[in-house]
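Protein chains: 2
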Amino acid sequence: MNAETAGLPCPALDEIAIGPVLHALADPVRLDIVRQLAGSEFEVPCGGFHVTVSKSTLTHHLRTLREAGVLLGRQHGTTRYNSLRRKDLDTLFPGLLDGILAAPR
Amino acid sequence: MNAETAGLPCPALDEIAIGPVLHALADPVRLDIVRQLAGSEFEVPCGGFHVTVSKSTLTHHLRTLREAGVLLGRQHGTTRYNSLRRKDLDTLFPGLLDGILAAPR
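Residue numbers (our numbering), protein chains in the order written: chain A, 1378 to 1482; chain B, 1378 to 1482.
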């Protein structure tokens, strides 16, 4: 039997506001997560991030990013896959993500 | 006698980091200050901002923005003038400021 896929809750395009997006991106771990997503051709499962925080802290950061509208999450069986809402962010805030990703680490 | 002008402490270009910049911009009052600076042809004195916060809170927000590298401040007599470090930010994080300023309020 195939596992079902379910999208995790996230704001619609017109619900994404710049304040929560900037707040979400201002944290160094979350910014690192966004960089890893931006550098990945595919969705990244929660276990696929290179981070030094605990699994529960990572989950918290991913939720913060998701609820701000920065990334999409989907549950497939026991795995959560994450992807950057690049097109949505580029539509709403053209240049923002590129400017942030251009920053030296 | 002319009043002396003194630049207030701020990071050099190569000391500006994306994390503090995003943190500074994530606050709604500070983002509003940045919008007002971006919309002004001239420097804005501290008393020239349209904000609903107290003078001391405004001072705190301006310092946060200045120390992050988002704006420059100069003291001239009893007046502090503020200006956006637009060129510096565009150099370091091309597109960031435009993307943020494009956001609906």
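Ideal Cβ placement from N, Cα and C applies to all residues, glycine included.
So, does the CB of residue i fall closer than 8 Å to a CB anywhere in chain A?
| i | result |
| --- | --- |
| glycine 1472/B | yes |
| glycine 1334/B | Residue numbering for chain B in the displayed model covers 1378 to 1482; residue 1334/B lies beyond these limits and cannot be assessed. |
| histidine 1438/B | no |
| leucine 1399/B | yes |
| glycine 1396/B | yes |
| alanine 1480/B | yes |
| leucine 1435/B | no |
| leucine 1469/B | yes |
Please classify residue i: does DSSP put it in a helix, a strand, or coil?
| i | result |
| --- | --- |
| alanine 1389/B | coil |
| arginine 1482/B | coil |
| glycine 1416/A | coil |
| arginine 1462/A | coil |
| glycine 1450/A | strand |
| threonine 1456/B | strand |
How far does the alpha helix (DSSP H) with residue i in it reach, from first residue to last?
| i | result |
| --- | --- |
| arginine 1443/A | 1432-1445 |
| glycine 1396/B | 1395-1402 |
Shorter than 8 Å from the beta carbon of residue i to some beta carbon of chain B?
| i | result |
| --- | --- |
| aspartate 1409/A | no |
How many whole angstroms separate the CB atoms of residue i and residue j, which I take to be in contact at a CB cut-off of 8 Å?
| i | j | result |
| --- | --- | --- |
| alanine 1394/B | phenylalanine 1470/A | In fact, because the Cβ distance is near 20 Å, the residues do not count as touching under 8 Å. |
| arginine 1462/B | glycine 1446/B | 6 Å |
| histidine 1438/A | isoleucine 1410/A | 6 Å |
Starting from residue i, follow the beta strand (DSSP E) in both directions and report where the run begins and ends.
| i | result |
| --- | --- |
| histidine 1427/A | No beta strand (DSSP E) holds histidine 1427/A; DSSP gives it neither H nor E. |
| alanine 1383/A | 1382-1384 |
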